[in-house]
Each structure stands twice: as C-alpha cells, then as structure tokens.
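Asker: What follows is a single structure, and I will ask about it in a moment.
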Amino acid sequence: MKNTPTLSLRVPEPSGRPGDTPDFSHLKLDAPGAVDRPDVATAPAEMRDHAFRLIRVLDDEGRAVGPWDPKLDPDTLRRGLKAMILTRAFDDRMHRAHRQGKTSFYMKCTGEEAIAVAQGMILSREDMGFPTYRQQGLLISRGYPLASMMNQIYSNAEDPIKGRQLPIMYSAKDYGFFTISGNLGTQYVQAVGWAMASAIRGDDKIAAAWIGDGSTAESDFHSALTFAAVYRAPVILNIVNNQWAISSFQGIAGGLETTFASKAVGYGLPALRVDGNDFLAVWAATQWAEERARTNQGATIIELFTYRGAPHSTSDDPSRYRPGDEHEKWPLGDPIARVKQHLIAIGEWSDDQQEAAEKEAVEQVRAAARESEAIGTLGQSRPSVKTMFEEVFATEDWRLVEQRREVGV
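The sequence shown begins at 1 in the UniProt record's numbering and counts up one residue at a time.
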C-alpha cells in the first residue's frame, strides 16, 4: 500500500468566477436543424442520442431550419413574442417594487421566458401544470390578470391565496397552474400522481412539471421518474437547466458528468434536450411530448438548456459567484431577441413594432400596478385574520375553534 496515492476529493468548479472572462468553449452545441425528429411512437431505447444532442430550430440569421421547425403562423409567433415581452416587463416592475419596500421577495425569469410562454401556449388550461417559481410566463401567456399576481406578491387584502404563501408562489386552478411548492422537487411527484389519476379516470387531460437542474439531485425527482416509467403516466417532465442553482453551478448536481436529459435513459423514458432560448424549438419538443402523452405512450423528459440571466432571487447577488457579463456572452442568445429577429426575417415584424410592443407592455404593467397598489402593498393591507382558520379542515378541530374564539373572529 506504500505506492497508493493519497486520496483526494474532486469538487466541480464552474468555468468562470467573478473577474474571469466568460468561457463557454466546453459546451457542445449541435447546429440548428442538425438533430433528427423521431416519430412519437419511437421506443426510448432507439432514441437515446436525443438525450445528448441539442434540438435547435432558429439559426444565426433568424431562419427556422430542420425537421423540428413547427412552422408556426406569424400571428402565433407575435402572440408568443408579446407574452415574453410582457413577462419581462412584469419582472422588471416587481423587482423594482422589492427595492422600494413594497414586497418582501421576488424572483425573475430573465432569459428563460421562451420556456414557460411557449409551453403555456401549447398546453391546455384544462391540463395541469406543476411549476417552479420561474414559470410566471405560464400565467401571463394565458391572460391571467397581472393585478391578481401583484396582489399575491404584495400579500394585500385581495391576495388570492390570502397571505398563505411566499410572494411569487401563485396558485390558479382555472389556468392550469398548481400551487407552487417551496420544497424543491415536490412538484414532480405531484404531477406524476395527477397524471396517473387522470388516466385512471379515463380522462383526456395531461400534466406537466418543471424542475431546476439542482433539484434533479432530490429524491422526489427519481421517485417521479420511476412511477412515470412504470405506469406510463401522461406527463411531460421538464428540467430547466439554467446553469445555476442559487450560487451552485449545475456541475454540483452532476451536469459535468452527463446531460440532465440522460437521467431518463436509466428509467426507460424518452428524453429530448432542447435549446431553451429558442421559442420554436421549445414549442416543437413540447408538441412532440404532448402527442406522446395524449396517445397513451407515456411520459417524456425534456431538458431545456438555458441561462439564468438575473439573480436567483432578490436575496441573491450573482456578482459574487460568476462573471458579471456571463449572461451577455451566453452562446444561445436572448429568447426575445431571437423571436424578434425571426419575425423580421420573414417580413412579419419591425423594429418600430418591437418598440411599440415594449411600450405597450410597460403601460399594461403600470396599469396593473396602479390597481393593485391602490389596495395596498406589503404591510399596508392584508387578508382578514379569520382566513387563517378557513379551508384547512372540512370540520374544524376543537383547537381551531378555541383559537378563533381567542382571536375574536
């Protein structure tokens, strides 16, 4: 044993830290249009390469190329672009509201807008989405009232969740938006269970769930994949790989060893790895997985390869753990700019229209803010105290009855 080397522990490190020049040379990116599109009935074992490739549709000139081009009409593209613009405008306003002391917390989805917006437009509101806190685009793309979202963020008297949730943890059953859970990973098993129940009932509704790259290390992730595979649950399981889980980069969760999509292979599930900043690619992959789920062929794992441009939350300072301009150097660009470029390339948009859409979005958010802030921001108004005793038990426990009496409500 004298010649045995001393043991050492390997701790993965990102390619850049504060002060470094951003370096993405290690990424292996397929050219737009290079990845084939298998039939939705393809056996998972026959499409394992898709867990390691990267589905892309938009090229550097804004043209839609290759077999995954969903051939969307201009009106659909414009609706998607405007929803992404509105989502970003909403984020910016709410982030400023936190800085002004109007709310205690907020989380932006800058750079990830194409994911929630495209998927929110494809899936029905009667399907059930189990999101994380960075899929506000699901609600915005479906026309959920911005003022109601703000009421929840401000925890004011008109908060639809009555002050029972952290700001940005929305709940809107009528919009196919399951209550956000602050415990990472729980939405995966919930989505699979909901999808199994739909199948047991003989219904036609499917479920979709979103999880971050870091949360794939949670046990719920693996439990969900087991049940989804064994019972062929009609569910779409999205992994949003935005490179950073708070201050830990995706390598800590295993992203340097293999792709997150490839985790599906061991469970016998089909996997697609997609450019998450390409609205058309996200649309096409989701459409593929949706058809598979609705035709009783089971679940699909989709890794959405993107980049978190903003801080993890208002409690985070990304300049302490990554290069300050890393987001600007992301090789897959900005999702809004890319759809804009595509629409201009096909003669269906212009710079003037883009400017007008951005101004319209800002005004729409301002109007919602005026409506919500008239009710009150954090601490100015709040839901009635009596609501904390309601909607928990079908029949009130004697202790709740006594506590309600003590409070006088």
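Idealized CB from N, CA, C, for every residue including glycine.
In terms of alpha-carbon separation, which member of G62, L343, N238, V192 lies closest to A51?
Answerer: Nearest option by C-alpha distance: N238.
Asker: State the CB to CB distance for the pair L54 and D30, rounded to an integer number of angstroms; the pair is presumed to be in contact (CB under 8 Å).
Answerer: Confirmed, about 5 Å.
Asker: I want to know whether the segment 133-150 touches the segment 362-374 - three or more CB-CB distances under 8 Å.
Answerer: At 8 Å Cβ cutoff, the stretches touch.
Asker: Can you check DSSP and say which residues form a bridge with G129?
Answerer: Answer by DSSP bridge pairing, in chain order: F177, A208.
Asker: Taking 8 Å as the cut-off, does the segment 188-204 touch the segment 161-170 (at least 3 CB pairs, one atom from each stretch)?
Answerer: In short, these stretches do not touch, since the Cβ pair count stays below three.
Asker: Is K329 close to chain C, meaning its C-beta is less than 8 Å from at least one C-beta of that chain?
Answerer: Among the chains in the structure shown there is no chain C, since it carries only a single protein chain.
Asker: Measure the C-alpha to C-alpha separation of M47 and R404 and round it to an integer number of angstroms.
Answerer: If you take the alpha carbons of M47 and R404, they lie about 59 Å apart.
Asker: Give a yes or no on whether the C-beta atoms belonging to W244 and I122 are separated by under 8 Å.
Answerer: No, they are not a contact pair.
Asker: My assumption, with CB atoms under 8 Å, is that P32 sits in contact with V65. Please give the rounded CB distance.
Answerer: 5 Å between Cβ atoms; contact.
Asker: For the alpha helix (DSSP H) containing V274, list its first residue and its last residue.
Answerer: Taken as a continuous stretch (DSSP letters only), V274 belongs to no alpha helix (DSSP H), being part of the beta strand (DSSP E) at 271-275.
Asker: Taking A271 and A264 to be in contact with their CB atoms under 8 Å, please state how far apart those CB atoms are, rounded to whole angstroms.
Answerer: At roughly 4 Å, the Cβ-Cβ gap stays under 8 Å, so A271 and A264 are in contact.
Asker: Say yes only if the C-beta of Y170 is nearer than 7 Å to one or more non-hydrogen atoms of the ligand ZN, and no if none qualify.
Answerer: The ligand ZN is absent from the structure shown, which contains no ligand whatsoever.
Asker: For L237, which of helix, strand or coil comes out of DSSP?
Answerer: Residue state, collapsed to three classes: strand.
Asker: Determine the direct distance from the alpha carbon of P67 to that of F178, and round the result to whole angstroms.
Answerer: For F178 and P67, the distance between alpha carbons rounds to 33 Å.
Asker: Can you look up T226 in the DSSP assignment and give me helix, strand or coil?
Answerer: In this structure, T226 counts as helix in the three-state DSSP scheme.
Asker: By DSSP, does W349 sit in helix, in strand, or in coil?
Answerer: Residue state, collapsed to three classes: coil.
Asker: Three Cβ pairs or more, each shorter than 8 Å: is that satisfied between the segment 38-46 and the segment 3-22?
Answerer: With a cut-off of 8 Å, the segment 3-22 and the segment 38-46 do not count as touching, because too few Cβ pairs lie within range.
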